[in-house]
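Here's the structure, in structure tokens; my notes come after.
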């Protein structure tokens, strides 16, 4: 049983519904009710209230929040884990404090079940539970009180806990002996420790057959592998140095799989899925600018004609081989001299293509028919061999034989070698038009691909990134049918749209359903596998044409088509359909993006940046309802990346984030005719196959508009974001915020798309917040941290503070200032931007009226008035705004309510405080009671740039005046107004 830090021992529930696990839950996950018996003693420290997350902002700092809660258990920087009663929570919410009650804080999520640790362990079948370990210990779940801090994980490790992996939401699986377990239980930040039961190790889809088994490295690993041999036939074993895990491929029935879960070093048992294979027209659809039956201006797509062709990028195509399997042409003129090599796997010894699928896919990526065969389609001017990246190079990895049967890797170390080969071949983009059906589940294939997007060369020092694309599968139109590795979080998963070839059947295409599958480029192909994923993640990521695609035919099998028929105009080309054809369009697109980015920014984009650019630029198809499980974020459209008509801000790994860290970027929109589109993508560490949800590190996106409205990542309706709304899509009924904190807790792709009707002049603040970083993503640093990519389309980076640039303010009074920067005075004028009939008022210091030091200025309709050069930089300026968007001035804060003995929270460092006057007069507003160590910039002095004065207690403060206050440490400044 688990020891419950809420008090006492975990109590097993006796609910009849739970017993159904053995009969039904092997194929369908189970969510256990959160009610029922509570552990003896109840919630630990119940009198202190519940744990909540309190998010800081410009108004609500730690000092402001602290008096409003029972205590702050942990401060993370961007937010705090606090204990607060229901009354305290209600008060904070009423005041506008962003509070989350963390409903998932005590839950453990696996592929088979979700249970609440306040109720101890769930009741499990006897064959899938154990009551105790011996003194040598075993695997335990350690649940933390909230988001993980790096020092917490270090503390656990120092006590002997060998941390293996993360389980959602705030737990880890660790191997410990009895002594280490007891010590970890006593840590202040652990709230529950329980046995990692055999039942938790199973993923949700387990028919008889082959299984992948992952094992931790321990002194008992050898006996664990021996135990595997007693309950199953071991087909292969390996050790993956990059993760420190052993793995095995076994063959057995369900009972054998259950027996394997009882072995002490087994981390999980997963169904092994056998992989199977999933003219210029389509290239112009994704590369611009397509018009039916009308080639654009010359050979290739719009982006090709602009010079972006994928130069200096190698794309590895993992498939049935490549044409005749030779360099440098592969035996096909359309590949020029751009075939760099290849590798064959399993029993295969050459990488020639006796099937045709691989050559067809390679042609979609990188064929160049206008410099190759010169063949055109029918009587049109479309070139038949027109890859998306016609200057990219190709590397072949043959993992399917001439009959389409899989011969590739089956173990973790085998996949290490596979990706190391791609790296050695120079590949930066990896194309995979195949998959194993896993019904939207996260399996071993997805783990391997998620790992290798981060580092594709395990035996090479450092992390070597790789952009991986994969077909979604051909199991549509039902939901939850995406195959693996397309279920990987870091993979760019590609669904299929119809192509435009009304006469394909007349030129040899034998596919049924024509022309219906090739008559509407905005239609999702019926066969294209759909999301969402088992854990509600958005998949596919994007779509591309996949039906009735004409591409290169393997010269190794001339005159023979194993696909959908040879092109009747020239047998060096053939037809095929499927997400297999959609995927290489995106692989080619990734090559174009990589080449373009490298040319313009001097370095290759990280995979997350490539994905962010592709997602952000995608075109919504059919109904305006992105993101969804049919198209993801839309159809790939490269011109928005390579030749945008508005400004775009791109930040590739601008900051490494630990839990509670944040990154802020200030932007303004560029053009009023386009939406402001902000996308954040990060390469998340691989999850375990039995984790649900599969998100490991959770970064969140928040955008604050000039009027103060907040837009949260992935809060969408009708294809655009909605302000003040929690993450989810109303069109599909999705909820990506089970934690009730407004943020997306499921996806590592988050977007805010502000529609044109909502665009506001002024500054948009973009925040990327590290909600929970539990596993190190960047090996180059010792900390547990996570990188990310950010793309802001139709955005200009905002020039902060100086020079001024249309800084927006709120309705009413705003206290603003500019910090000292070389000179003492503010340049320029205050302009009524909207030129309306409303008058705005500004109060500012005027040395011309020393007896009345505060002067009120007016600005109004059609005016460019009021030289502010006499206003000292270090002063506070009060601005009254009657119409939003009028003021062009830097916002520094806001006045405080008129109240008795108001406590003004001061952060360590400089603070701007004050209260506005109603006219030109000076008013005594209050007196300073206490602010330990305070230094106050009192105001302008004609004889010096600025003057600092340490004001004594009871010093009279003036209404209408802004005060810069410096304190060495956080304090409360008590003022009687």
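In the numbering used here, the protein residues as written are 2 to 978. Beta carbons: idealized from backbone N, C-alpha and C, even for Gly.
A straight line joining the alpha-carbon of residue 230 with that of residue 267 spans about 13 Å. Each residue's CA atom was taken as its position, placing residue 212 and residue 310 some 42 Å apart. Annotation note: the region 412 to 493 contains the following uninterrupted alpha helix (DSSP H) runs of length 4 or greater, listed N- to C-terminal: 413 to 425, 445 to 455.
Residue pairing from DSSP leaves residue 637 without any beta-bridge partner. Counting every other CB atom within 10 Å of its CB across the protein chains shown gives residue 631 a total of 16 or more, marking it as buried. Annotation: residue 577 to residue 514 spans about 13 Å, alpha carbon to alpha carbon. Excluding five sequence positions before and after residue 653, the CB atoms of its chain that fall closer than 7 Å to its own CB belong to 606, 607, 610, 790, given in chain order.
Here DSSP, grouped into helix, strand and coil, assigns residue 335 to helix. Per DSSP, reduced to three states, the secondary structure at residue 344 is strand. Excluding residues up to 5 positions away in sequence, 317, 319, 344 lie with their Cβ nearer than 6 Å to the Cβ of residue 398 in the same chain. In this chain, the alpha helix (DSSP H) harbouring residue 602 covers 580 to 602. According to the DSSP assignment, residue 109 belongs to the beta strand (DSSP E) that extends over 108 to 110. Out of 554, 496, 537, the CA that lies nearest to the CA of residue 527 is found in 496. With a 10 Å radius around the Cβ and a threshold of 16 neighbouring Cβ atoms, residue 60 comes out exposed. For residue 608, the uninterrupted alpha helix (DSSP H) segment begins and ends at 608 to 618. Annotation for residue 211: the continuous beta strand (DSSP E) segment containing it runs 210 to 217. When the beta-carbon positions are compared, residue 693 and residue 765 stay at least 9 Å from each other. When secondary structure is reduced to three states using DSSP, residue 144 falls in the strand class. Contact between residue 707 and residue 761 holds: CB atoms are separated by about 5 Å, below the 8 Å threshold.
For residue 699, the uninterrupted beta strand (DSSP E) run begins and ends at 699 to 705, by DSSP. Ranked by Cα distance from residue 198, the first of 161, 262, 143, 234 is 262. Within the model, the alpha-carbon separation for residue 586 versus residue 366 is close to 6 Å.
Distance from the CA of residue 145 to the CA of residue 191, rounded to the nearest whole angstrom, comes to 4 Å.
Under the 10 Å beta carbon count, residue 595 is surrounded by 16 or more other beta carbons and is classified as buried. A straight line joining the alpha-carbon of residue 75 with that of residue 149 spans about 10 Å. Residue 689 holds the alpha-carbon nearest to the alpha-carbon of residue 202 among 784, 713, 689. In this chain, the beta strand (DSSP E) harbouring residue 114 covers 114 to 117. Taking 9 Å as the cut-off, the beta carbon of residue 532 is found closer than this to the beta carbon of residue 480. Cβ contact annotation for residue 619 (same chain, cutoff 7 Å, sequence separation greater than five): 543, 634, 635, 636, 637, 638, in chain order. Selection 454, 300, 457, 151 evaluated against residue 384 yields 300 as nearest (Cα-Cα).
The region 320 to 328 makes contact with the region 348 to 363, as at least three CB pairs between them are under 8 Å. DSSP places residue 177 inside the beta strand (DSSP E), whose first and last residues are 172 to 177. Cβ atoms of residue 701 and residue 770 come within 8 Å of each other, at about 5 Å. The beta carbon of residue 537 is closer than 7 Å to those of 735, 737, 747 in its chain, skipping five residues each way along the sequence.
Just so you know, the alpha carbons of residue 499 and residue 580 end up roughly 10 Å apart.
Assigned with DSSP and collapsed to three states, residue 155 falls in helix.
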